[in-house]
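Reviewing the structure listed below.
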Amino acid sequence: MAELYIDADACPVKAEAERVAVRHGARMYLVSNGGIRPPAHPLVESVFVPEGPDAADKWIADRAGTGDVVVTSDIPLAAKAVAAGALVVKPNGETLTTANIGNALATRDLMADLRSADPFRQGGGRPFSRADRSRFLDALERAMRKAAEAARHAGQKEAGT
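Residues in the sequence shown are numbered from 0 upward in steps of one, following numbering that gives the first Met the number 0.
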């Protein structure tokens with residue numbers, strides 16, 4: 000059975016992810032260093048990691064693998080999850096795969112260099128929109144179906160059928 004891992008700090012789609020996980024009967028982990036409400040559904044578990052750089056990312060990366068789905072905006076975490084065989088969906092609905100994760104890492108590094116070169120630059124990305132939320136729900140639904148199929152296929156291989 001597919002598991003869903005949410006990099007929950009500053010994630011704008013926790014409630015949407017919970018609805019999809021419950022609909023699929025999948026275990027969901029909301030991983031953060033605190034500050035989120037405990038979920039009401041028994042399939043959803045809050046995991047609180049110690050404060051520190053990338054503690055939530057490390058927890059997720061150590062556990063997510065083939066047949067799992069990870070929701071994160073963190074590109075290095077996404078790269079680790081993709082390498083482990085997990086499906087990755089960003090909160091804006093973009094999916095990260097072996098085909099595009101290298102480009103995403105390079106873009107992230109370039110943007111970090113540009114930001115550090117201009118200390119007076121202000122502002123960030125565009126605000127999260129209803130269209131982003133809709134794209135996310137569609138992408139997560141597809142990823143959960145694909146993960147469930149991968150889990151079924153892996154189970155058949157183990158059973159020797």
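C-beta atoms are modelled at their ideal positions from N, C-alpha and C, and glycine is treated no differently.
The model shown is predicted, which means the values in this text are computed figures rather than measured ones.
- L104 and A78 have their C-alpha atoms roughly 8 Å apart.
- DSSP places V70 inside the beta strand (DSSP E), whose first and last residues are 68 to 70.
- Between S133 and the set A16, T65, A83, the nearest pair of CA atoms involves A16.
- Secondary structure of F135 (DSSP, three-state): helix.
- Approximately 16 Å separates the beta-carbon atoms of L3 and A39; this is outside 8 Å, ruling out the contact.
- Here A138 is not near V69, since their CB atoms are 8 Å or more apart.
- Counting C-beta atoms within 10 angstroms of its own C-beta, M143 has 16 or more neighbours from the protein chains shown and is therefore classed as buried.
- With 16 or more other Cβ atoms from the protein chains shown falling within 10 Å of its own Cβ, L95 counts as buried.
- Closest by C-alpha distance to G64, out of G101, N91, M0, F135, is M0.
- Here P52 is exposed: its Cβ has fewer than 16 other Cβ atoms, across all protein chains shown, within 10 Å.
- DSSP, reduced to helix, strand and coil, places I5 within a strand of the structure shown.
- Secondary structure of E148 (DSSP, three-state): helix.
- Excluding residues up to 5 positions away in sequence, M0, A1, G66 lie with their Cβ nearer than 8 Å to the Cβ of A150 in the same chain.
- Counting only runs of 3+ residues, the beta strand (DSSP E) found wholly inside the region 47 to 94 occupies 68 to 70, 86 to 88, in chain order.
- Look at M27 here: in three-state DSSP terms it is strand.
- In the displayed model, V12 falls within coil according to three-state DSSP, outside both helix and strand.
- Sequence-distant partners of A80 (beyond 5 residues in either direction) whose C-beta falls short of 6 Å from its own C-beta, in its chain, are A63, V69, V87.
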